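Colleague: With our numbering, letter number 89 in the sequence shown gets 927, and the count goes up by one each step, no holes.
Built from N, CA and C at the ideal position, the CB exists for glycine as well.
Since the structure is predicted, the reported quantities are computational estimates derived from the model, not experimental observations.
Just dropping this structure here.
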Amino acid sequence: MPDLQHSTMSQRLNDRRGSLRAQLSAASHWRRLVRAKIDLTVARAAGPNQLLPIDASEESTRALNEALGEATTVPSDLFELSDLPRLRELDELLTLREAALRRDLMEVTDQLVQHLAEL
Numbered sequence: 839m840p841d842l843q844h845s846t847m848s849q850r851l852n853d854r855r856g857s858l859r860a861q862l863s864a865a866s867h868w869r870r871l872v873r874a875k876i877d878l879t880v881a882r883a884a885g886p887n888q889l890l891p892i893d894a895s896e897e898s899t900r901a902l903n904e905a906l907g908e909a910t911t912v913p914s915d916l917f918e919l920s921d922l923p924r925l926r927e928l929d930e931l932l933t934l935r936e937a938a939l940r941r942d943l944m945e946v947t948d949q950l951v952q953h954l955a956e957l
């Protein structure tokens, strides 16, 4: 019977670790999305300068500038500067959540290692 108890405890700890890893992955993914939107909002507001010709290839530089403009055009309402405070708050909340999940994951991992050492 003790073997079943140990096996059940190991499985429970492993399941908890898996759940924490999945939650951490989700929080990290959301944080990357929020940070990307912050970066894009700031970049859109600042706007890059046009590329200047390196040499006599004026035409290729003009074509590149046009292609970049077309490829990076986004509706202005998707990246409002007024969203930055809310986005930064979300980033902070996600940072705190990631830290808490990492602490929990380390704690459960330590418990699992301790449990396995006692076998």
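(1) Report yes or no: do the stretch 858-872 and the stretch 937-944 share at least 3 C-beta pairs separated by less than 8 Å?
(2) Start and end of the alpha helix (DSSP H) containing Leu928?
(3) Taking only three categories from DSSP, how would you classify Gln888?
(4) Between Leu950 and Asn852, which are expected to be in contact by the criterion C-beta below 8 Å, what is the C-beta distance as a whole number of angstroms?
(5) What's the gap between the Cα of Thr911 and the Cα of Glu918?
Modeller: In short, the structure shows the following:
(1) yes
(2) For the purposes of this step, residue 928 is taken as the residue at position 90 of the sequence shown. Looking at the DSSP string, the run of the alpha helix (DSSP H) that includes Leu928 is Leu922 to Ala955.
(3) Mapped onto the sequence shown, residue 888 falls at position 50. Looking at Gln888 - three-state DSSP - the assignment turns out to be coil, as it is neither helix nor strand.
(4) Residue numbering aside, residue 950 sits at position 112 when the sequence shown is read from its first letter. Residue numbering aside, residue 852 sits at position 14 when the sequence shown is read from its first letter. Yes, Leu950 and Asn852 are in contact; Cβ-Cβ is about 7 Å, under 8 Å.
(5) Translated into the one-based positions of the sequence shown, residue 911 becomes position 73. Translated into the one-based positions of the sequence shown, residue 918 becomes position 80. One C-alpha to the other measures close to 14 Å.
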